[in-house]
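The listed protein sequences derive, respectively, from chains A and B.
Mapping of the first sequence onto UniProt numbering: position 26 corresponds to residue 26, and the numbering continues sequentially without gaps.
Mapping of the second sequence onto UniProt numbering: position 239 corresponds to residue 239, and the numbering continues sequentially without gaps.
Okay, structure first, notes after.
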Amino acid sequence: MSARRGTAWIPPLVLAAALVVVWAVTAALADSAVYPGPGEAMASLWSDLGDPRFLGSVADTARVLLLSYVAAIAVGAVTGMVLGLSAFWSRAVLPVVYALNSVPKIVLYPVFLLMLGIGDLSRGAFAFVSGVLPMFLIMVEATAGVSRLHLKMSAALGLSRWSLLRRIVVPGVLPSLASGMRLCFGLTLIGLLLAEMFSGSSGLGYELLRNLSLARVENIIGQVVLTGVLALLPTLALQQLESRIRNRYEVAT
Amino acid sequence: MKARSSVVPSYVRPAPRRVAGLPSPMWTLVLVAGLVAALELYARSGAVSRLDLIPVSEMVVRSVELLGERDFVVDALLRSVLLICASFAASAVTGVAIAYAMARSRWVHRAVKPYVNVFYALPVFALYPVMVVMFGTGVVPIILLATLFSVVIVISHALVGFESAPPIVTKLARSLEMTRTQQLRKILLPSALPDILAGLKLGLAYAIIAVLATEFILATTGLGQVVNRAYNNFDTVDMYAGIVFVSVFALLANLALGAALSAFDWRRR
Numbered sequence: 001m002s003a004r005r006g007t008a009w010i011p012p013l014v015l016a017a018a019l020v021v022v023w024a025v026t027a028a029l030a031d032s033a034v035y036p037g038p039g040e041a042m043a044s045l046w047s048d049l050g051d052p053r054f055l056g057s058v059a060d061t062a063r064v065l066l067l068s069y070v071a072a073i074a075v076g077a078v079t080g081m082v083l084g085l086s087a088f089w090s091r092a093v094l095p096v097v098y099a100l101n102s103v104p105k106i107v108l109y110p111v112f113l114l115m116l117g118i119g120d121l122s123r124g125a126f127a128f129v130s131g132v133l134p135m136f137l138i139m140v141e142a143t144a145g146v147s148r149l150h151l152k153m154s155a156a157l158g159l160s161r162w163s164l165l166r167r168i169v170v171p172g173v174l175p176s177l178a179s180g181m182r183l184c185f186g187l188t189l190i191g192l193l194l195a196e197m198f199s200g201s202s203g204l205g206y207e208l209l210r211n212l213s214l215a216r217v218e219n220i221i222g223q224v225v226l227t228g229v230l231a232l233l234p235t236l237a238l239q240q241l242e243s244r245i246r247n248r249y250e251v252a253t
Numbered sequence: 001m002k003a004r005s006s007v008v009p010s011y012v013r014p015a016p017r018r019v020a021g022l023p024s025p026m027w028t029l030v031l032v033a034g035l036v037a038a039l040e041l042y043a044r045s046g047a048v049s050r051l052d053l054i055p056v057s058e059m060v061v062r063s064v065e066l067l068g069e070r071d072f073v074v075d076a077l078l079r080s081v082l083l084i085c086a087s088f089a090a091s092a093v094t095g096v097a098i099a100y101a102m103a104r105s106r107w108v109h110r111a112v113k114p115y116v117n118v119f120y121a122l123p124v125f126a127l128y129p130v131m132v133v134m135f136g137t138g139v140v141p142i143i144l145l146a147t148l149f150s151v152v153i154v155i156s157h158a159l160v161g162f163e164s165a166p167p168i169v170t171k172l173a174r175s176l177e178m179t180r181t182q183q184l185r186k187i188l189l190p191s192a193l194p195d196i197l198a199g200l201k202l203g204l205a206y207a208i209i210a211v212l213a214t215e216f217i218l219a220t221t222g223l224g225q226v227v228n229r230a231y232n233n234f235d236t237v238d239m240y241a242g243i244v245f246v247s248v249f250a251l252l253a254n255l256a257l258g259a260a261l262s263a264f265d266w267r268r269r
């Protein structure tokens, strides 16, 4: 098993290494100021990381992201579960939410700015909205999909509403909750970065656009890599969590 | 009242056809109408400045007016539609091709799959400034980014489709000594079609989001830029009109493609 897992890592690493080599070679050949190689990008990232103002920006993004992500997961999961319990109201409300979800939300961001002002509140609220709608939809579908057999059994046992929720519904939707948590992390982060890129005085998105106006491409690329790594670590952890929960709670059909 | 007289809890009873005399689609309408009316009343009540919010009726009137303005239609609408179509077409073709390569070769599958899995956790829009420096603020970075953003969802759906071909059919193809092209045309594509179509539907939604978002952040023309410019000029009426227009546009485009694609979906016939 461990031997097979060992070889499974080789192809993706080979692909990544090949891409980096192509990048380095083309950058060396182009020798242009707007196309830095991997070495320059990493060097500028390293010097950025020594800058307290930049570290403050990273911390700002992380703080706002954490708050809006937790809020999106909690609100989306609870309201989604409540609506999912009623088939009639799901049918009435879902079309509206699906329609809202298909609208490119970034064009709504000026409304957030007008209502909440420029600052943590507006970008956090925007990141929250980017994450909460998908989470809500996933949870409604998951709750509607709780096995009818289990529901009938709990009706036969005369479970109260509360213990129905605690013993049947919540364990039934946990796998979907876990995959929703993974999906919404990326969406909340994208929402937050877009908001910061549009208007902000700190944060990773702001740093990216500030470097754009200074035309410091190597810094931008270094920050893109940093953002990727920062996004990847929680995602991998959430993936791990998801597979554990699936192993434990998923009902085989 | 009925709920109390029955010993069967409501969650196992079939959903009622009507609540308070109205079926669920009517309640959807009631909900939308209620939200719009609440916004309208709130905006007219004077509790909020006209610089922050305008009545919905004015937003709609202005966004219909926008359709009559040549500048808006040619510079913004047409341009954004062309960009969306170009990136959607590019991601549809390359997405299905990459998924086919993954289905064919185990090595490619293993090399690409982990990246497909984590792609949407990565903030792709962070790449946009890099592309702008390299290619300028023209159409190239927008198309590149929108294609990149929408291609991955096409890949992951098409891959599920290609892998859904039953093994027995693949064996049959081998014993009939079909060529690779024949296998693709007669077995893989038809069996993957419903999943590919689902992927394309999402691909369009993602392409729209990416084009509008990039235009919104940094571009000189386009639908997204209309909203951005109106916001920066404190032109609240045009800003809300642009938002309403973009929302309706995205909604209609997604619905239209969904309807068009489900005509090809043999699972729904």
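Virtual Cβ for every residue (Gly too), placed ideally from N, Cα, C.
First through last residue of the alpha helix (DSSP H) which encompasses residue i
i, result
"Leu188/B", "No alpha helix (DSSP H) holds Leu188/B; DSSP gives it neither H nor E."
"Glu250/A", "That residue, Glu250/A, is in no alpha helix (DSSP H); it is neither H nor E in DSSP."
"residue 272/B", "Outside the displayed range of chain B (1 to 269) lies residue 272/B, so it cannot be described from this structure."
"Ala253/B", "236-262"
"Leu223/B", "223-232"
"residue 322/B", "Not covered by the structure: residue 322/B. The range shown for chain B is 1 to 269."
"Glu141/A", "120-144"
"Gly21/B", "Taken as a continuous stretch (DSSP letters only), Gly21/B belongs to no alpha helix (DSSP H), as it is neither H nor E."
"Arg167/A", "Run containing Arg167/A: none; DSSP gives neither H nor E here."
"Arg79/B", "79-104"
"Arg148/A", "148-156"
"Phe112/A", "109-116"
Anticipated Cβ contact below 8 Å, residue i with residue j, distance rounded
i, j, result
"Val58/A", "Val130/B", "The pair is not a contact, with the Cβ atoms about 18 Å apart (cut-off 8 Å)."
"Ala125/A", "Leu116/A", "6 Å"
"Ser122/A", "Phe112/A", "4 Å"
"Gly154/A", "Leu164/A", "According to the sequence displayed, residue 154/A carries Ser and not Gly. Right, the Cβ-Cβ distance comes to about 5 Å (below 8 Å), so this counts as a contact."
"Glu218/A", "Ser44/A", "4 Å"
"Phe216/B", "Gly203/B", "About 20 Å separates the two Cβ atoms, so there is no contact after all."
"Val132/B", "Leu218/B", "6 Å"
"Phe125/B", "Val226/B", "Not really, about 19 Å apart at Cβ, beyond 8 Å."
"Ala213/B", "Ile106/A", "4 Å"
"Leu197/B", "Leu261/B", "4 Å"
Residue i, buried or exposed, once every other Cβ within 10 Å from all chains shown has been counted against 16
i, result
"Gly56/A", "exposed"
"Ser57/B", "exposed"
"Glu65/B", "exposed"
"Asp195/B", "buried"
"Leu83/B", "buried"
"Cys85/B", "exposed"
"Tyr98/A", "exposed"
"Glu242/A", "buried"
"Phe185/A", "buried"
"Ile221/A", "buried"
"Glu250/A", "exposed"
"Pro25/B", "exposed"
"Glu207/A", "buried"
"Ala99/B", "buried"
"Val96/B", "buried"
"Thr235/A", "buried"
"Lys201/B", "buried"
Check: residue i C-beta below 7 Å from any heavy atom of the ligand NAD
i, result
"Pro134/A", "The model depicted lacks the ligand NAD and carries no ligand whatsoever."
Could you run through the region 221-233 of chain B and flag, in chain order, every residue whose CB is less than 7 Å away from some CB of chain A?
-> Gly224, Val227, Tyr231
Could you pull out every unbroken alpha helix (DSSP H) segment of at least 4 residues lying fully inside the region 135-217 of chain B, listed in chain order?
-> 139-163, 167-175, 180-183, 189-217
In chain order, which continuous runs of the alpha helix (DSSP H) of length 4 or greater are located wholly inside the region 29-95 of chain A?
-> 38-49, 52-84
Taking a Cβ distance cut-off of 8 Å, strictly less, list which residues of the region 162-191 of chain A are near chain B, in chain order.
-> Leu164, Arg182, Leu183, Phe185, Gly186, Leu187, Leu189, Ile190
Which residues, in chain order, does the region 231-249 of chain A contribute to contact with chain B at a C-beta distance below 9 Å?
-> Ala231, Leu232, Pro234, Thr235, Leu236, Leu238, Gln239
Let me know the alpha helix (DSSP H) ranges lying completely inside the region 171-248 of chain A, each 4 residues or longer, listed in chain order.
-> 204-213
Can you give me, in chain order, the residues of the region 50-80 of chain A that have a beta carbon less than 7 Å from any beta carbon in chain B?
-> none
In chain order, what residues of the region 217-229 of chain A put their CB closer than 9 Å to some CB of chain D?
-> Among the protein chains in the structure shown, which are A and B, there is no chain D.
Under 8 Å (Cβ pairs) to chain B, residues found in the region 123-153 of chain A = Arg148, Leu151, Lys152
Which residues, in order along the region 120-152 of chain B, keep a beta-carbon less than 9 Å from a beta-carbon of chain A?
-> Tyr120, Ala121, Leu122, Pro123, Val124, Phe125, Ala126, Leu127, Tyr128, Pro129, Val130, Val132, Val133, Met134
Interface residues of the region 2-33 of chain B facing chain A [CB-CB below 7 Å] | Val8, Pro9, Tyr11, Val12, Ala15, Pro16, Val19, Ser24, Trp27, Thr28, Leu31, Val32
Using a Cβ cut-off of 8 Å, which residues of the region 46-58 of chain B contact any Cβ in chain A, in chain order?
-> Leu51, Asp52, Leu53
Give, in chain order, every residue of the region 5-38 of chain A whose Cβ lies closer than 7 Å to some Cβ of chain B.
-> Ala8, Pro11, Pro12, Val14, Leu15, Val34, Tyr35
Which of the residues in the region 82-107 of chain A, read from start to end, lie with their CB under 7 Å from any CB of chain B?
-> Leu85, Ala87, Phe88, Arg91, Ala92, Val93, Pro95, Val96, Ala99, Ser102, Val103, Pro104, Ile106, Val107
What are the residues of the region 189-222 of chain B that lie near chain A, defined by any Cβ-Cβ distance shorter than 8 Å?
-> Ala205, Ile208, Ile209, Leu212, Ala213, Phe216, Ile217, Leu218
Under 8 Å (Cβ pairs) to chain A, residues found in the region 241-261 of chain B = Gly242, Ile243, Val246, Ser247, Ala250, Leu251, Asn254
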